[in-house]
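Take any residue in the sequence shown, count from 1 to its spot, add 1275: that is its number in my numbering.
Note that beta-carbon positions come from the ideal geometry of N, C-alpha and C, so glycine has one too.
Quick caveat: nothing in here was measured; it's all calculated off a predicted structure.
In what follows, a structure is listed as structure tokens, so that the remarks can point back to it.
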Amino acid sequence: MSVKAFAFLGCALFYLISGSLCFFSCSQGAKQQSKLEIAIRTQPITLDPRTATDAYGQQISELIFNGLFNNNERMEIVPDLAAHVEQPNDTTYVISLKKGVFFHHGKELTADDVIYTITSMRDGGVISPHKSVFARIKTLEKIDPYTIRLELTEPFAPLLISLCVGIVPQDVAQQKGESFGREPIGTGPYRFVRWMDDTVVELAAHEKFSGQKPLSQKLLFQIVKDDNVRVLKLLKGDLDIVLNGVPPLLLEKVKEDKKLVTRTETGLTMAYIGVNMTDNILKKKNVRKAIALGLNRDELIQHRRYGLAEKANSLLAPVNWAFDKRLSQIPYDPEQAKKLLNEAGYHDPDGDGPKMRFTLSFKTSTVKERVDTVRMIAHQLGKIGVGIKVESFEWATLFDDIKKGNFQLYSLTWVGIIDPDMYYSVFHSTQTPPEGANRGRYKNPALDPLLEAGRREINIEKRGEIYANVQEILLDDLPQIPLWHEDNILVYRKGLEHVALWPDASFQPLASISTK
């Protein structure tokens, strides 16, 4: 799941993340690119920015929609549709909109569209992961066609960050209802053209885009689920760009091709094992700790990521301003894991024999790289007497099961996390789907007040202390088992210019790509 979390600007707090960047400077005389063929591993669930929770849905919708604010390549929050912001006190914001901004169907953006977008998420017009954020808005009024006044119930640190969500046209969104996510209309640099299931999502340049005109006239997102097929299409020249879609196992083969450019940079994506906290076995803390101690992360990173990752002990990457540097890494200690399982009442039935203490189902996608990783995890856990039944599903089925709590263990990644308010959506007891992303049904009365305090606290140092406590609690309780932070891997064909790789693996730089 990818959630936008950026730093405050101007009237609010200004956070920076020191993520590493890789990009080429623009040169004069750049030529427009008629089309770009980009590979994605699975098709998005929806392209409605209000409801999207999957990575590709969020990444592609960023090209179709604009929010009141947005992030740049340095992960700073900057105005987007907002022309000016005033904050007379800690709970009041007056936001002026840019004029002359048009939706793809020709209607001009007004305050009515902004108010509709926010209230549809706040009041349940759509099932949105942003509901808890906008529930803190007490009043939202239109001062004039291009100005809104927003009053909060209490100070809320991530407000402007939350206002990065894309603004939808009231008339079309109301008319289309749920189908809006399949035929989206926004104000962004690209307009939606077509979506062929499991084949392609096509976007075209928005002729009346109010910002910098996109240099690529068409973007074709080819849905290529098989890793080998994806790499073969890249080597044959059928693809222009693959971002985080070349498995580390095949990367050396790709690097041999002189027609391709390969870049790897530190990223913000965190791989983890999701745990169903209502399961009779997994609700025991010693069992979760034993599983964590039974994982050899160094071996997994070396053999499954080929060294292109760093061990994780937090949802936040080490480059994040709120990352607690005092956190210890989870060691590989299979003997201690066995002791904890014994203490939990799960004794080894036959010593070094083949029988397991118990067996858990572990759900993952059909992507070969993911399946192979889970099989290696299963092999490691088998050494401490924990049996794993690997189950692979198509993405839509897998994600639906996870949201419904129909699992024991699963593996996914969090993409592009920057602001620590993400912890609220993932771990607060009120945030089970569809309200939020607490898919493991975790409840901790000691954690909830900290997550609420982190949202209210405006002072960055005090806020950092709160989230340090949050990270310590979660590392001890392990409602999710962190694995690693993945490097971003970008491969593209030579001849393309202005290709940028952002720490959050955003698709936004696609609009600036040209040919020599």
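Buried/exposed call for residue i, threshold 16 Cβ in 10 Å
i: A1546; result: buried
i: W1604; result: For clarity, residue 1604 is Gln in the given sequence; the question names Trp instead. Result: exposed.
i: V1468; result: exposed
i: V1504; result: exposed
i: K1658; result: exposed
i: D1515; result: buried
i: F1782; result: buried
i: S1789; result: buried
i: G1399; result: exposed
i: L1338; result: buried
i: P1363; result: exposed
i: I1393; result: buried
i: E1732; result: buried
i: R1601; result: exposed
i: N1734; result: exposed
i: M1350; result: buried
i: P1319; result: buried
Nonlocal neighbours in the same chain, by C-beta distance under 7 Å from residue i, ignoring five residues either side
i: R1397; result: K1406, F1409, A1410, I1412
i: L1725; result: I1741, N1744, V1745
i: F1344; result: I1352, V1353, P1354, D1355, A1357, L1435, L1438, C1439
i: K1630; result: P1624
i: A1597; result: L1591, P1695, G1739, Y1742
N-terminal and C-terminal residue of the alpha helix (DSSP H) that residue i is part of
i: D1798; result: Coverage of the chain is limited to positions 1276 through 1791, which leaves residue 1798 absent and any answer about it impossible.
i: K1493; result: No alpha helix (DSSP H) holds K1493; the beta strand (DSSP E) holding it covers 1493 to 1498.
i: S1395; result: 1386 to 1397
i: F1409; result: 1406 to 1409
i: S1309; result: Taken as a continuous stretch (DSSP letters only), S1309 belongs to no alpha helix (DSSP H), as it is neither H nor E.
i: A1565; result: 1560 to 1568
i: F1467; result: Here F1467 belongs to no alpha helix (DSSP H); instead the beta strand (DSSP E) covers 1465 to 1471.
i: H1700; result: The question names His, but residue 1700 is Ser in the sequence shown. Here the alpha helix (DSSP H) through S1700 covers 1697 to 1702.
i: K1451; result: 1445 to 1451
8 Å CB neighbourhood of residue i in its chain, flanking five on each side removed
i: E1761; result: N1519, G1542, T1544, M1545, A1546, R1580, L1583, A1584, T1688
i: N1561; result: L1615, L1616, E1618, A1619
i: T1414; result: R1424, L1425, E1426
i: V1646; result: T1639, S1640, V1665, S1667
Nearest-angstrom beta carbon gap, residue j and residue i [assumed within contact, 8 Å]
i: A1386; j: P1420; result: 6 Å
i: K1559; j: M1552; result: Contact doesn't hold; Cβ gap of about 10 Å is too wide.
i: P1444; j: D1501; result: Actually they are not in contact, since the Cβ atoms of P1444 and D1501 sit about 37 Å apart, beyond 8 Å.
Chain-order list of residues whose beta-carbon lies under 6 Å from that of residue i (same chain, five-residue window excluded)
i: R1325; result: M1396, V1401, S1403
i: L1509; result: V1517
i: C1297; result: Residue placement at C1297 cannot be trusted, given a pLDDT of 36 that sits under 50; what the coordinates show is reported in the next sentence. Excluding positions up to five away in sequence, the list reads R1538, E1540, L1776.
i: Y1685; result: G1549, K1638, I1677
i: A1314; result: Q1497, V1499, R1505, L1514, V1517, G1520
i: F1484; result: P1464
i: S1277; result: Caution applies to S1277, whose pLDDT of 40 falls short of 50 and renders its modelled position unreliable; the model cannot decide the point.
i: D1779; result: L1543, G1691
i: G1304; result: Any reading at G1304 is ruled out, since the residue's pLDDT is 49, under 50, leaving its predicted position unreliable.
i: K1279; result: In this prediction, K1279 scores a pLDDT of 38, lower than 50, which makes its location untrustworthy; the coordinate-derived value is nonetheless stated afterwards. If we look at K1279 and ignore the five residues flanking it on each side, its Cβ neighbours are C1439.
Extent of the continuous beta strand (DSSP E) run through residue i
i: H1359; result: 1357 to 1364
i: F1633; result: 1633 to 1640
i: F1668; result: 1661 to 1668
i: M1545; result: 1535 to 1550
Cβ-heavy atom distance, residue i to the ligand FMN, below 6 Å
i: G1375; result: With respect to small molecules bound, the structure shown includes none, and the ligand FMN cannot be examined in it.
> Given 8 Å as the limit, is there contact between the stretch 1702 to 1714 and the stretch 1612 to 1631, that is, 3 or more CB pairs closer than that?
Replying inline: no
> Looking at C-beta atoms only, is the number of pairs between the stretch 1468 to 1482 and the stretch 1728 to 1742 that lie closer than 8 Å three or more?
Replying inline: no
> Within the chosen definition, does the stretch 1431 to 1446 reach the stretch 1345 to 1362 through at least 3 CB pairs nearer than 8 Å?
Replying inline: Touching, yes.
>> With three or more C-beta pairs closer than 8 Å as the rule, is the stretch 1641 to 1656 touching the stretch 1590 to 1606?
In response: no
> Can we say the stretch 1524 to 1533 touches the stretch 1570 to 1577, given the rule of at least three CB pairs closer than 8 Å?
Replying inline: no
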